[in-house]
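Visitor:
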Amino acid sequence: MSNDHPTGRAEHTDPTDRTDRATPRTRVVVVGNGMVGSRFVDDLLSRDGDARFEVTVLGAEGYEPYNRVLLSEVVAGKVDVASLALPALTHERSTVRRGAQVLHIDRRTQQVLADDGTAHRYDVLVLATGSAARIPAVRGLGDGLPAGVHALRTLDDAREIVAASVNARRAVVVGAGVLGLEAACGLARRGLAVTVVHSGASLMDRQLGVDAALVAASTLAQLGVDHRVDARTDEVLTSVGRVTGIRVGATSRPDDPVSETLPADLVVLACGTVPETGIATAAGLPVDRGIVVTDALSSPADPRIFAIGDCAQPPEGASGLIAQGWDQSRQLASHLAARVVDESRFGRVRLGGARLAPHRPSLALRLSLDPGRTDGPSVLSRRVDAVPGGGAGDMTRGTDVVRLKAAGLDVVSMGVCGARRRPSPGERTVRLSDPDAGRHVEVTVAGGVVVGATCVGAPQIGADLTVAYTRRTPVPADPAYLLLQPVASAASAATDPTHMPDRTTVCRCNGVSKGDIVECFHGGAATVADVAKATRATTGCGGCTQVVCGIVDWLSASTPGAEEQGADDQSVDELPADEAGADLSSTRERESGRLSGAAATA
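If you're matching positions, the sequence shown starts at 1 in UniProt numbering and goes up one per residue.
In C-alpha cells:
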C-alpha cells in the first residue's frame, strides 16, 4: 500500500535494491503519473505474473493520478476535486514519487535525474509526459501569465480559476472548442458575464457546421455567454500586473486596424495543447510536434525508450484522445511482458528489433479520421469490422464521439461533421434545424450506416445516433427517419437498472458492461470507487458516472442474488441523466477523495 511522506511522495519498494535476487528484475522508469502513465503501470504489472518488472513512476504534480477530462466540471461547480481521483497504484513492485520533475535523461548511463537530486537507473524508459496548454503568442503574455489569466490543464489551474471567479464579474474565454465552451458555461453558472473569443468562423468549427453553430450560439446567449467569432486576440491588457481585458481584431482582415476591447477581470486560455517534449529533445531523441516513435512505440534513436499518450507522435498520428493513450498503454504493456527475454544471461532487457504483436485497438480508436484529411487533428485510422448491411472493411472517419459537458447546452458530434469537412462520394446528409427550439440534428450516411452526425439540443436523438454510429447499425433507406425516431435506442426502458440488459455497455471508454459491474459488486466491490478500481468504469470521459452510481445504489438496495436478464447489447454512457435510474446522492456521499491536499470542494 502507498505510504505518504512529508515530501508528498508515495513509495512501495526500492527498485534499485537488487542484491537479494539471483535474477535481476527489469527496471522500468515511467516519466509521468497522469491518466496514461498510471494506466501503463497497472497494465504492465497486471500482466507480470512472474514478477519480472520493478517500476518507478516520477510525476511532476504533487497529486495522485486524476481525471483531466473533468476539470471543466470542477470550474462549473458540478463536481468536487475529490471525485477526479483515479484508482491509486498499489502494486508491491511499484514506486510512485509525486512532485518529482525529471530534468535530464542520461542515455549513456541509462539514468534519469529528478529535481529532488535523485537518479533512477532504467532498463526501459517510458515517457508519458502528456501535453501542456498552448499559450498564444500575443502581446501581454510574453513574460508569463499576468494575474487573472489562466490556462486550464491541471488540477491547480482549475482550483485557481474557481478562486479567481469569486471576485470577478466579467470573464473572457479565448477559444471556442469543447474545453473553451465548457469553461465558459461553467463560469456563467458561477454568475460571471462571459464572452467567448474564437479565431474561427463559427463555434466548435471542427465539430459543428455553420447552422449547428448558430443554434449553439443562440443557446449560449440564453445561458449568459456572449461570443465573438472571426476574432483574433491581439493583446492582453493589464494594469499593475493584473488583467483588465483583451483587444481583438478580425481574423479574416489581418491588416485592418479596427479592434474591439473586451473588459475582463478573468481570462481563461483554451487554445489547445502542445506535447511535452523538452526532456526528449534535450536527450537527443527525434522530436517533431511530439516525441517521434515507431509502430512499436519506441524512439527510432533508442529502442529502450518509449513514448505514449499526448507526448507521443506515432506513425499514424496523434489524436489528442485519451482512448489512443490507453490503447498505447495496453499495447506497450503487452509488448514488454512478452518480449523481455534472456534476463538471466544479460541482466537487462533486449528490445532491439522487436515489433509489437498484432493488437486490436479499442472501439473508440477504430472510429477515426480519414487518413487523407489534413484540416483536422491527425487521428489514428483503422479499419473496422463489417456489419450486416455494410461493406466489409468500410472506414468510419471523424473525430470519434465528442460530447460537450456543459450545463444547459447539449452537443454531441461524431464521424464526418463540422464546417471544415470535405464531402465524399456516396455520402448523403439530411438535417433538421430549428433555431427557435434550440435544436439542430444532422446525420450523414454512407453504405447503409451512419458515418457522421451532429446533435445540438437533442440529447436523446444524440444518444440513439451514437449507438447506431458505434455499432454501425444498418439504417433505413430514407435517412430522414433518423431525425425523427431512434434506429437503435440507447435506452431500453426504464427508470431503473432492473430493466437494463446485463450486456449493456455502461462505460464505453473501458468496455465495461452492466453485467461486469454486477459481478464486481457481488465479488466485494461495494462502492463506486471499488468498482472503478476493479473495472476502470468512470475513469474516462465521465459520461457513465451517473449510470454507474445508479447501478451501485440499485445493487445496494436490491435483494442479494437478484439477476436481471436482458435481450440486447446496448451502450448507455450517453444516456440523459434522468434515465440513469436511481438516486445518485447516497453513492456520491459515500465516496471520498484521495487527491493529496485537495479541498473537499472547489
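Note that the Cβ used here is the ideal one computed from N, Cα and C, for glycine as well.
Being a predicted model, the structure only gives us computed values, none of them experimental.
Taking the C-alpha atoms as reference points, what is the distance between residue 429 and residue 259?
Guide: As a first step, residue 429 must be located in the sequence shown, where it is residue number 429. As a first step, residue 259 must be located in the sequence shown, where it is residue number 259. So the two alpha carbons sit approximately 38 Å from each other.
Visitor: I need the boundaries of the beta strand (DSSP E) containing residue 305, first residue and last residue.
Guide: Position 305 of the sequence shown, counted from the start, is the residue given in the question as residue 305. Run containing residue 305: 302-307, per the beta strand (DSSP E) assignment.
Visitor: When you compare only the Cα positions, how much space is there between residue 435 and residue 218?
Guide: As a working note, residue 435 is residue 435 in the sequence shown. As a working note, residue 218 is residue 218 in the sequence shown. The straight-line gap from Cα to Cα measures roughly 8 Å.
Visitor: If you reduce the DSSP assignment to three classes, tell me which class residue 111 lands in.
Guide: Looking up residue 111 in the sequence shown gives position 111. Three-state result, residue 111: strand.
Visitor: Spatial neighbours of residue 167 within its chain, please: C-beta separation below 8 Å, excluding the five flanking residues on both sides.
Guide: For the purposes of this step, residue 167 is identified with residue 167 of the sequence shown, where counting begins at 1. Excluding residues within five positions, the ones whose Cβ falls inside 8 Å are 265.
Visitor: Taking the continuous beta strand (DSSP E) assigned at residue 195, which residues delimit it?
Guide: Residue mapping note: residue 195 aligns to position 195 of the sequence shown, counting from 1. That run of the beta strand (DSSP E) goes 193-197.
Visitor: Check whether the segment 33-43 touches the segment 55-62, counting contact only when three or more Cβ pairs, one atom from each stretch, lie closer than 8 Å.
Guide: Contact between the segment 33-43 and the segment 55-62 is present, because at least three Cβ pairs lie under 8 Å.
Visitor: In three-state DSSP terms, what is residue 145?
Guide: Here residue 145 corresponds to residue number 145 of the sequence shown, with the count starting at 1. Three-state DSSP puts residue 145 in coil, outside helix and strand.
Visitor: Cutting at 7 Å between CB atoms, please list the residues of its own chain near residue 276, excluding the five before and the five after it.
Guide: Here residue 276 is taken as the residue at index 276 of the sequence shown, counted from 1. Same-chain partners within the cutoff: 129, 130, 131, 132 and 311.
Visitor: Locate the beta strand (DSSP E) running through residue 223, then write down its first and last residues.
Guide: Within the sequence shown, the letter at position 223 stands for residue 223. Unbroken run through residue 223: none, as it is neither H nor E.
Visitor: Am I right that residue 285 and residue 328 are in contact with their C-beta atoms under 8 Å? What's the rounded C-beta distance?
Guide: Mapped onto the sequence shown, residue 285 falls at position 285. Mapped onto the sequence shown, residue 328 falls at position 328. Actually they are not in contact, since the Cβ atoms of residue 285 and residue 328 sit about 17 Å apart, beyond 8 Å.
Visitor: If we ignore side chains and look at the alpha-carbon of each, how far apart do residue 410 and residue 203 end up?
Guide: For the purposes of this step, residue 410 is identified with residue 410 of the sequence shown, where counting begins at 1. For the purposes of this step, residue 203 is identified with residue 203 of the sequence shown, where counting begins at 1. One C-alpha to the other measures close to 14 Å.
Visitor: Does DSSP classify residue 414 as helix, strand or coil?
Guide: Position 414 of the sequence shown, counting from 1, holds the residue named residue 414. Note: residue 414 maps to strand in three-state DSSP.
Visitor: Quick test of the definition: if touching needs 3 or more C-beta pairs under 8 Å, does the segment 295-309 touch the segment 111-120?
Guide: No, the segment 295-309 does not touch the segment 111-120.
Visitor: When the cut-off is 8 Å and only beta carbons count, does residue 249 lie next to chain B?
Guide: In the structure shown, chain B cannot be found, because there is only a single protein chain.
Visitor: Quick check: the Cα distance between residue 268 and residue 26, rounded to an integer number of angstroms?
Guide: As a first step, residue 268 is located in the sequence shown; it is residue number 268 there, counting from the start. As a first step, residue 26 is located in the sequence shown; it is residue number 26 there, counting from the start. Roughly 44 Å separates the two Cα atoms.
Visitor: Run the CB neighbour count on residue 242, radius 10 Å, all protein chains shown included, and call it buried at 16 or more, exposed below.
Guide: As a first step, residue 242 must be located in the sequence shown, where it is residue number 242. Flag for residue 242 reads exposed.
Visitor: Between the Cα of residue 216 and the Cα atoms of 408, 136, 52 and 481, which residue gives the shortest distance?
Guide: Here residue 216 refers to the residue found at position 216 when the sequence shown is read from its first residue. Residue 408 is the option with its Cα nearest to residue 216.
Visitor: Whole-angstrom Cβ separation of residue 475 and residue 448, contact assumed at under 8 Å?
Guide: Translated into positions along the sequence shown, residue 475 becomes position 475. Translated into positions along the sequence shown, residue 448 becomes position 448. With 8 Å as the limit, residue 475 and residue 448 qualify as a contact, their Cβ atoms being about 6 Å apart.
Visitor: What is the DSSP secondary structure of residue 387, reduced to helix, strand or coil?
Guide: Start at 1 with the first residue of the sequence shown, and residue 387 comes out as number 387. Unreliable placement is indicated for residue 387, whose pLDDT of 30 sits below 50; no coordinate value is reported for it.
Visitor: For residue 253 and residue 235, which I take to be in contact (beta-carbon distance under 8 Å), what is that distance rounded to the nearest angstrom?
Guide: Your numbering for residue 253 matches position 253 in the sequence shown. Your numbering for residue 235 matches position 235 in the sequence shown. That pair is no contact at about 17 Å.
Visitor: Would the beta-carbon of residue 506 fall within 8 Å of that of residue 552?
Guide: Within the sequence shown, residue 506 is the residue found at index 506, counting from 1. Within the sequence shown, residue 552 is the residue found at index 552, counting from 1. Result no, Cβ atoms of residue 506 and residue 552 do not sit closer than 8 Å.
Visitor: Considering only the alpha carbon of each residue, which of 280, 238 and 304 lies closest to residue 144?
Guide: Residue numbering aside, residue 144 sits at position 144 when the sequence shown is read from its first letter. Nearest option by C-alpha distance: 238.
Visitor: Should residue 498 go down as buried or exposed, given a rule of 16 or more other Cβ atoms within 10 Å for buried?
Guide: Here residue 498 refers to the residue found at position 498 of the sequence shown. Exposed, by the Cβ-count rule.
Visitor: Who are the Cβ neighbours of residue 480 in its own chain at under 7 Å, not counting the five residues just before and after it?
Guide: On the sequence shown, position 480 is the one that residue 480 refers to. Closer than 7 Å at Cβ, skipping near neighbours: 430.
Visitor: Quick check on the DSSP output: the beta strand (DSSP E) that includes residue 235 runs from which residue to which?
Guide: For the purposes of this step, residue 235 is identified with residue 235 of the sequence shown, where counting begins at 1. Counting along the chain, the beta strand (DSSP E) containing residue 235 begins and ends at 231-239.
Visitor: Do residue 72 and residue 175 have their beta-carbon atoms positioned less than 8 Å apart in this structure?
Guide: As a first step, residue 175 is located in the sequence shown; it is residue number 175 there, counting from the start. As a first step, residue 72 is located in the sequence shown; it is residue number 72 there, counting from the start. Their beta carbons are not under 8 Å apart, which means residue 175 does not touch residue 72 by this criterion.
Visitor: Cα separation between residue 299 and residue 324?
Guide: Taking the sequence shown and counting its residues from 1, one reaches residue 299 at position 299. Taking the sequence shown and counting its residues from 1, one reaches residue 324 at position 324. Whole-angstrom Cα-Cα distance: 18 Å.
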